[in-house]
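Here is the structure we will look at, set down as structure tokens.
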Amino acid sequence: MSRVINRLGLLAGTAMVLAGLNATGVAAQDLELAEIVVTGTRIRSPNLTTASPLTAVGQEEIKFQGATAVESVLNRLPQFTADANENVSNGSDGTARVNLRNLGSNRNLILIDGQRMLPPETADVNFIPSAMIERVDVVSGGASAVYGSDAISGVVNFILRKNLDGVHADMQYSINHTRNDNDYVRSLMRAKGFELAPKSVWDGAKKDVNVAMGFNSDDKKGNVTLYAGYREANPVTQDSRDYSACGLNLDGPNALVCGGSSNNAYGLFTLLTGPNKGRTVNNAKDGQKNWVPYDSSFLYNYAPDNYIQRTDSRVTAGANGHYELAQELEVYGSFMFMDDHTYSQAAPSALFQGTLFKINCNNPLMSSAQATMLCGTAAGTATNQDTFIGYRLTGPGSQPRRDDLRHTAYRVSSGVRGKLGDNWTYDANFLYSSIRLEESYKNNVDNAKAQKALQVVNVNGVPTCQSKIDGTDTSCVPIDVFKYNGISAEGYQYLYAPTYTRGVQTERVFSAGITGQLGDYGFQSPLASQGFGFAAGAEHRDETLDFQADALAQAGGTKPNNGKLNVEEFYSELQVPLVQDKDFVKDLSFNGGYRMSRYSNNDDWVKTYKTELQYAPTGDVRFRGSYNRAVRAANISELYAQQSLGNVAAVDPCAGSKPTASLAACQKTGVTAAQYGNIPECPAEVCVAQGGGNPLLKPEEANTYTAGIVLTPEMVRNFSLTVDYFKIGIDKYIGSVDTQTVIRQCIETGNPFFCSLFHRDPAIGVLFGNNGYVVSTNQNTGFLRTSGLDIQANYGFELEDVIDNDLGRVDVGLVGTWLLSRKTEQLPGLGSYDCKGLFGPTCGQPNPTWRHQLRTTWGMPWMNASLSVNWRYFGSTKLSSNTDNQFLKGDLVNINGKIASYSYFDLSGSVELLDGVAMRAGVNNIFDKAPPAIAAGLLSAFGNGNTYPGVYDPMGMNLFVGLTVDF
26 MSRVINRLGL
36 LAGTAMVLAG
46 LNATGVAAQD
56 LELAEIVVTG
66 TRIRSPNLTT
76 ASPLTAVGQE
86 EIKFQGATAV
96 ESVLNRLPQF
106 TADANENVSN
116 GSDGTARVNL
126 RNLGSNRNLI
136 LIDGQRMLPP
146 ETADVNFIPS
156 AMIERVDVVS
166 GGASAVYGSD
176 AISGVVNFIL
186 RKNLDGVHAD
196 MQYSINHTRN
206 DNDYVRSLMR
216 AKGFELAPKS
226 VWDGAKKDVN
236 VAMGFNSDDK
246 KGNVTLYAGY
256 REANPVTQDS
266 RDYSACGLNL
276 DGPNALVCGG
286 SSNNAYGLFT
296 LLTGPNKGRT
306 VNNAKDGQKN
316 WVPYDSSFLY
326 NYAPDNYIQR
336 TDSRVTAGAN
346 GHYELAQELE
356 VYGSFMFMDD
366 HTYSQAAPSA
376 LFQGTLFKIN
386 CNNPLMSSAQ
396 ATMLCGTAAG
406 TATNQDTFIG
416 YRLTGPGSQP
426 RRDDLRHTAY
436 RVSSGVRGKL
446 GDNWTYDANF
456 LYSSIRLEES
466 YKNNVDNAKA
476 QKALQVVNVN
486 GVPTCQSKID
496 GTDTSCVPID
506 VFKYNGISAE
516 GYQYLYAPTY
526 TRGVQTERVF
536 SAGITGQLGD
546 YGFQSPLASQ
556 GFGFAAGAEH
566 RDETLDFQAD
576 ALAQAGGTKP
586 NNGKLNVEEF
596 YSELQVPLVQ
606 DKDFVKDLSF
616 NGGYRMSRYS
626 NNDDWVKTYK
636 TELQYAPTGD
646 VRFRGSYNRA
656 VRAANISELY
666 AQQSLGNVAA
676 VDPCAGSKPT
686 ASLAACQKTG
696 VTAAQYGNIP
706 ECPAEVCVAQ
716 GGGNPLLKPE
726 EANTYTAGIV
736 LTPEMVRNFS
746 LTVDYFKIGI
756 DKYIGSVDTQ
766 TVIRQCIETG
776 NPFFCSLFHR
786 DPAIGVLFGN
796 NGYVVSTNQN
806 TGFLRTSGLD
816 IQANYGFELE
826 DVIDNDLGRV
836 DVGLVGTWLL
846 SRKTEQLPGL
856 GSYDCKGLFG
866 PTCGQPNPTW
876 RHQLRTTWGM
886 PWMNASLSVN
896 WRYFGSTKLS
906 SNTDNQFLKG
916 DLVNINGKIA
926 SYSYFDLSGS
936 VELLDGVAMR
946 AGVNNIFDKA
956 PPAIAAGLLS
966 AFGNGNTYPG
976 VYDPMGMNLF
986 VGLTVDF
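Here it is as structure tokens:
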């Protein structure tokens, strides 16, 4: 067996390869006798290698990290960019996803043991119990011809434990500790009179318990393995950390300030009609019914109640089994279940600006001065005046808003497989998966009730709702919004109304495939010792989506939707050894793959193919390269997902008393001359965008190139090095145009495409609330391009060879990525921008030039003990809006102009206490390095709590202890 196979097991720092195992977990000395399957190809063959870059993460690495969330393990690898995760609260859908090559979670395919995990649009990796993972194979650089067109950026294949004979139990507890010592942010808090975060905090405890048991049949031809697990995470609020304890805003280019939302606790009013039309005033701070000019001192600190770690509880259970009836027939199947219940939490609700409220001029709760300012000579009459109100519900009876998110998923797989003679194997399978989301948004204001509660008249000296008098709502409770803390507890109970939504997605997959060795049929190069390898198969998929929203959710902009999609696919793959074991040619081989797919929303066949070439002049070096062509049709969510309104970080240049954009430019966005200079600014630099599906989407096209070298020099024992170049380009990519780009392009160029995406509130022209937004639904846009170098290295040595004393073994593993480019063109021919080394409103999460993870592990000769140190490095990045690119540039910002490079160090160890009983413990981020504090307006997707919590450690030092028992 060539040592080249060992490079398939590069482990992001674990010792699996260096212990003599390859990526399939098969002992090296047995590989000549067995056919193996490597993620990235469907061909089974002895000594098989792959031309696609592959990284494997083993169970030991998961334990070294003390990880209970699978996405956190993968996000440490430099090939991944953080996506939905447990540290995102406001706006979270409760899932955990992975994003390979920063091309979007919809362009990498998640597999379990080579089969699809869940409907790809709901690929929530919470479904995977970490304790049941044997390893994770990551194929980056394209795998569409092998697994399907949605694998443009690659495949993440979770290999689960099977064939367990006995009981395996694993328990872990972890907790976070941090020292809040950010003097700069604390000075900002003091300047505003805000309560400081505690100097020392222990919080965010997590518990994870898993039990598995397996039984071999008496004849050793079958096995059944069952498992169950429970995970629980305690919530952490933003007021517990310096960097997140207040909403940070820019105070000019050189400073930050604790800002907040203009939807404040005292009560803001923008008068839309009447004698003072366009004027913005605020209730006085002293609690008197008096309106005073609004200024930034009224801003509300919305941060403290928001979660920086969501509360979460998850139950998993399942079973897998197989039985060989004969060599030609083995039956197998599996069942997996997950119930994940999480809450996100945000600041108390409000009568939010953007909703038009009518106030009657004879409302007895107003003072005479307020009535005169609002109504003029109409004061005391039944005349209505239109207003925007920004009144935060912080008084008696106030509760934070809570989003109750529950995901329940099932997955059933069954099939038959076996040998057909000496050269062929087959596998036929049926897979069904379903995931249900039930969501209830609690403690939010029902605007329809708020409007009724504002229409108040005097009945025998008692303020009474007009709707109670006319019988349209006899439960109505008047609300006094005309002074600070004026709303009663009964008023809170009346205003609060939960919304309910639910969604179900299902997937059915029928698949059948064969693999064979063609040498016995004459298909063999005369210069090779092995014949051709072949694989072919067919697949049929049915996907459904059904999303429903109650009337109140629909009133808030969330629309119900449903759709169906089916796909017919045929694939084939050919492995051709051209030359083997000759002078200067240890191995020269070719691999080709072809896939045809037809989607029910498109009559044309979508064709995907790949070509791969490998050349090993000796056993010490191997060159490899590949080309993949993919055409990805829109998935069912991209086509039919509900359209809804959501917050985005953006600034409206046409808002404020002195807009930064001209009247002529603003008119192209829908502003009238009368509105110009009178449009309220987006609160807390947060505007609104409308997202959702588009059934008219066309397929996107992708080309992936890889080229690399693998070194396993015989003169350096237990050393391997791979360097792989990748380049991925996607044309007509399916996505939405960045909101800030839409605003800037319309204002600066007048491009009718961008200007047509504005939907300003017709009453006042704002870009927030329920009637003002920027359209950001899915569409076919321009291109995505990314390229870089992946570097992986492993080296192991016995300490006895160095110091003449048996002190065990040291293993070192490195995984790093050098980013060469990350380009985007948002419309064909418009021009592009490169986000390499940048972060910001358009570029999104930081895109460092270099990232790596380097783990060094000392395996001791006593009690099977080990000690491991990990160095996580994340390179520096600059603010994208400080560049000269026309699509990125904005106002110069120095205070957050650069995020310095980050190095985190982790320490962990394990020891065998008794036979079959092992304990582990560790500390992640041992120096308690806090994440960067960034102004909220400079963040983008997956930004939360003034930072990027999926990129930088948001919780400080993490300590864990675990116990594993096998018997």
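Numbering-wise (the working numbering), the sequence shown opens with residue 26 and increments by one. In this text, a Cβ means the ideal position worked out from N, Cα and C, and glycines have one as well. Keep in mind the model is a prediction, meaning the values are calculated, not measured.
Where residue i sits in the DSSP three-state scheme
{"i": "Q870", "result": "coil"}
{"i": "Q700", "result": "coil"}
{"i": "L354", "result": "strand"}
{"i": "P708", "result": "helix"}
{"i": "K493", "result": "helix"}
{"i": "E739", "result": "coil"}
{"i": "G116", "result": "coil"}
{"i": "V592", "result": "strand"}
{"i": "S801", "result": "coil"}
{"i": "Q530", "result": "strand"}
{"i": "S682", "result": "coil"}
{"i": "E726", "result": "strand"}
{"i": "A675", "result": "coil"}
{"i": "E598", "result": "strand"}
{"i": "D953", "result": "coil"}
{"i": "T419", "result": "coil"}
{"i": "I135", "result": "strand"}
{"i": "C386", "result": "coil"}
{"i": "P642", "result": "strand"}
Straight-line Cα distance separating residue j from residue i
{"i": "V51", "j": "V63", "result": "The pLDDT assigned to V51 is 34, lower than 50, so where the model puts this residue is not dependable, and the model offers no usable value."}
{"i": "N889", "j": "E937", "result": "6 Å"}
{"i": "V282", "j": "P389", "result": "39 Å"}
{"i": "V610", "j": "Q878", "result": "34 Å"}
{"i": "N301", "j": "L852", "result": "43 Å"}
{"i": "S926", "j": "T397", "result": "58 Å"}
{"i": "L892", "j": "T882", "result": "6 Å"}
{"i": "A92", "j": "Q334", "result": "15 Å"}
{"i": "D365", "j": "P602", "result": "47 Å"}
{"i": "R132", "j": "R945", "result": "36 Å"}
{"i": "N248", "j": "Q84", "result": "21 Å"}
{"i": "Y624", "j": "N591", "result": "6 Å"}
{"i": "S77", "j": "N469", "result": "50 Å"}
Segment limits, alpha helix (DSSP H) that includes residue i
{"i": "P144", "result": "No alpha helix (DSSP H) contains P144, which DSSP labels as neither H nor E."}
{"i": "C398", "result": "A quick correction: the sequence has Met, not Cys, at residue 398. M398 -> alpha helix (DSSP H) spans 393 to 400."}
{"i": "A478", "result": "472 to 479"}
{"i": "F822", "result": "Looking at the DSSP string, F822 is not in any alpha helix (DSSP H); the run it does join, the beta strand (DSSP E), is 808 to 823."}
Residue span of the beta strand (DSSP E) that contains residue i, given as start and end
{"i": "F648", "result": "646 to 657"}
{"i": "L570", "result": "558 to 574"}
{"i": "N719", "result": "No beta strand (DSSP E) holds N719; DSSP gives it neither H nor E."}
{"i": "E463", "result": "449 to 467"}
{"i": "G516", "result": "Where G516 is concerned, there is no enclosing beta strand (DSSP E), although the alpha helix (DSSP H) it sits in stretches over 514 to 520."}
From the options, residue whose alpha carbon lies closest to that of residue i
{"i": "A107", "options": "A946, S965, Q870", "result": "Q870"}
{"i": "N279", "options": "V986, G922, S965, N591", "result": "G922"}
{"i": "V673", "options": "N133, F967, L296, G83", "result": "F967"}
{"i": "L350", "options": "L430, Q555, L913, G443", "result": "G443"}
{"i": "I789", "options": "T412, V171, G547, G856", "result": "T412"}
{"i": "P319", "options": "V306, A658, K310, V506", "result": "What sits at residue 319 in the sequence shown is Tyr, not Pro. When each option's Cα is compared against that of Y319, the closest is V306."}
{"i": "A699", "options": "P787, Q424, Y519", "result": "P787"}
{"i": "G618", "options": "A655, A148, M361, V604", "result": "A655"}
{"i": "F559", "options": "V180, N653, G544, L293", "result": "G544"}
{"i": "S928", "options": "D978, L984, R897", "result": "R897"}
### Query
What residue ranges within the region 303 to 357 form continuous beta strand (DSSP E) runs of no fewer than 3 residues, ordered along the chain?
Every beta strand (DSSP E) stretch that sits fully inside the region 303 to 357 and reaches 3 residues is listed by chain position as 305 to 308, 316 to 318, 332 to 334, 336 to 351.
### Task
Write down every uninterrupted run of the beta strand (DSSP E) in the region 218 to 281 whose length is 3 residues or greater and which is fully enclosed by it, in chain order.
As far as the region 218 to 281 is concerned, its whole beta strand (DSSP E) runs of at least 3 residues are 225 to 241, 247 to 258, 273 to 275.
### Query
Quick one: complete alpha helix (DSSP H) runs, 4+ long, within the region 65 to 113?
With a minimum length of 4 residues, the continuous alpha helix (DSSP H) runs that stay inside the region 65 to 113 are 84 to 90, 95 to 100.
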